[in-house]
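Here the sequence shown is numbered in this note's numbering, starting from 435 and rising by one per residue.
Quick reminder that beta carbons are idealized off the backbone N, C-alpha and C, glycines included.
For clarity, every value in this text was computed on a predicted model and none was experimentally measured.
Notes follow once the structure below has been shown.
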Amino acid sequence: MAPVLSHWIDAGSNGIIRKTGNTLVHIDSKADFDIPSLFPGHSHFKWPSQNQMDSMNRSRNTFIMSALISGLYNHSIWVWPKWDTKNHIKTHSIVFVYFGRATRDYAKKLPGKTSAICFCISYSKRGVKTCFAQHGNKSPFTEKSIPHTQCHIKRYAKIEKIREDLALQSLQNGKLIQKEENVILDIDEEYIGYELSFAPLLATGLTVANITSINREVQRIICPKVMKDETKADNVLSKIIFEISKRRRHFCMKKKPENCSKFPMSHNFSSVIHMFTKPLSSLSPALSCKKKVATKYLEKFAVKLASLKEKQLLAIREVGFCFTPLPKPLNWEYHFQLCLGGSILNNSIRHLHSLQQQEVFSRIEFFKKFMSEAKFRPRLITLARSLRSGFTPRKYFRKIEREILSSFHVFHSKLHVHYDSSLLGGKFGWPKRH
C-alpha cells in the first residue's frame, strides 16, 4: 500500500506543489495525527530522500505529522463528521505545535547520548509551550516534560479540528482559509460513514474463532507475495468455495436436510479435492507457499468449508481474501487472509456509524455543498478509499467515490485521476472484482 505521504512528496519533488508552507484540509473521520518515532532512516526537518520515504511509510497514522516535520505544511485543518460528535470535547479547537531538536545538555542525559527531537504544544500563538522530548522508539508522551528552553524549534504549524457544519459556515464567511494559502485537499471515504466489513460473516453465524481458523488454513495453501497478485489468489479461493457451495447444494437437494452434514464424507466432496489438488500444486511461485501444496492442507481447508452452511460460504466468497494490514507497535504488517478491512482481531475498533442508503445520499449532498462553497483551488487532491485498512461502506463505495470525484469539478473542469497500483481491487474496487 502506497501511503498518501508518498504522493505528497512526489508532487513536491515534481513541482506540482510547494515543498514548504502549504495548508492541508484533511476531511476524515479520524485524525491521523500520531507523532512519528525517531528511528533510523526517518527524515526530520528536511525534504526526505526515497530511502527515507520507504522508512517513513512503514509508520502507522503518522503521515500528517511527518509532513509537518518535513515542512510541507504549516497549517492543517481536520474537518470531522457531525455523526462523531460524542468522541469530541469541542466542536472547534486550535493548537499550535512546534518541532525541534533537544539541546545538547538534555541529550547528554540520554542512554548512549543519543539525539532527541522535541515536540511542543501551545493553545495560543504566543502562549506557554509545553514541551516533550522523544528519543528512540518511545512516544514523547511517555517521557516527562522538558523546559521549552531545551528545545531548539525547527518547525511550527497551526492545527485546527472543526466539525463539518461549522467548517462549512467558516468557509462561507471566508474565515477558515485565507486567500494567500496554498491548499492541498485530502479526503478519506470513511468520512461519509463506517461499516463493519465482517458484519456479513457474523450475520450468518460465523464466529471470530471460525474466521481465525479459516485464515490459518488459507495461509497454508496459497501465499501471494505482492499486492498485484492478490486478486489472482482470491480468484483461486473463490473457485474452490464456489464449487464446494454448488456441490453441497446439489447433495442436499437429493438428501433430507438433516443429512447435509454428511456432505464432507460424500463422493461429491472428494471430487472437489481432486479437482483442485493439481491446480494448487502447479501454482506459479508468485502464489504458492511451497513448491508443492500438501494435499492434507487442501483437504483440511475444504472440510472446514464443507461443514459450513451455504449462506456462510456465499458470505465468505463475497468478503474475499486480500492482504490485510494488522497493526504492530510501530508499523503495519500485511497478511493474506479474509478481507476484513479494519481489524476484527484486536480491540482498536472505534465508534462506528453504519449507514442506511438515504443517509449515504444526504451525506454525499452535504459534502458536495461543502466543496461548492470552497473559496480555495487546491493544487493537489488525494482521496483514500479505506477499503483495505478501514471501514468504508463496500455496498455504497462506488456511489460514494463517483460523487466525491464529480464534486471536484468545481475546482477543475478537467480532472486527471491517478489510481494507485496497490488499490484493493484496482480502479474499479474490490466489490467489482468477480
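Buried/exposed call for residue i, threshold 16 Cβ in 10 Å
i	result
Ile-523	exposed
Pro-827	buried
Tyr-628	buried
Asp-622	buried
Gln-771	buried
Phe-479	exposed
Val-851	exposed
Gly-561	exposed
Gln-612	exposed
His-868	exposed
Ala-567	buried
Glu-614	exposed
Ala-720	exposed
Gly-824	buried
Glu-799	exposed
Thr-496	buried
Tyr-830	buried
Nearest-angstrom Cα separation, counted from residue j out to residue i
i	j	result
Ser-510	Ile-593	5 Å
Ile-783	Lys-688	Here the model assigns Ile-783 a pLDDT of 45, short of 50, so the residue's position is not dependable, and the following value carries that caveat. Distance between the alpha carbons of Ile-783 and Lys-688: 44 Å.
Ile-461	Asn-508	17 Å
Leu-717	Phe-862	26 Å
His-769	Phe-755	10 Å
Ser-796	His-526	23 Å
Ser-840	Ile-834	10 Å
Glu-624	Ser-463	6 Å
Gln-486	Ile-443	11 Å
Phe-533	Phe-632	40 Å
Leu-630	Val-753	11 Å
Thr-519	Ile-675	42 Å
Lys-588	Ile-469	16 Å
Cys-565	Trp-512	23 Å
Leu-602	Glu-767	38 Å
Ala-591	Phe-842	27 Å
Leu-779	Leu-640	Note on Leu-779: pLDDT 47, under 50, position unreliable in the model; no value is reported.
Glu-664	Leu-714	15 Å
Gly-859	Phe-703	30 Å
Trp-864	Lys-659	19 Å
Lys-673	Ala-667	10 Å
Leu-849	Lys-559	38 Å
Met-699	Cys-657	28 Å
Val-706	Lys-696	15 Å
Arg-683	Glu-744	7 Å
Ile-450	Arg-813	7 Å
His-785	Trp-517	At His-785, the pLDDT of 49 sits below 50, so the modelled position is not reliable and the matter cannot be decided from this model.
Gly-775	Ser-855	18 Å
Tyr-853	Ser-604	32 Å
Assumed close pair residue i, residue j - CB separation to whole angstroms, cut-off 8 Å
i	j	result
Gly-446	Leu-506	6 Å
Arg-819	Leu-857	7 Å
Arg-452	Asn-616	6 Å
Ser-647	Lys-730	Actually they are not in contact, since the Cβ atoms of Ser-647 and Lys-730 sit about 16 Å apart, beyond 8 Å.
Ser-500	Leu-458	Actually they do not touch by this definition, with Cβ atoms about 12 Å apart.
Asp-620	Thr-816	5 Å
Opposing strand residues paired with residue i [DSSP bridges]
i	result
Leu-458	Ser-510, Ile-618
Pro-759	Tyr-768
Phe-530	Ser-556, Lys-592
Phe-566	Phe-553, Ser-579
Ile-587	Gly-534
Residue i and residue j closer than 8 Å at C-beta
i	j	result
Ala-550	Tyr-557	no
Arg-535	His-586	yes
Ile-498	Phe-467	yes
Ile-626	Leu-635	no
Leu-748	Ser-679	yes
Glu-677	Met-709	yes
Ile-750	Phe-801	no
Val-642	Phe-735	no
Phe-845	Arg-811	yes
Thr-638	Gln-746	yes
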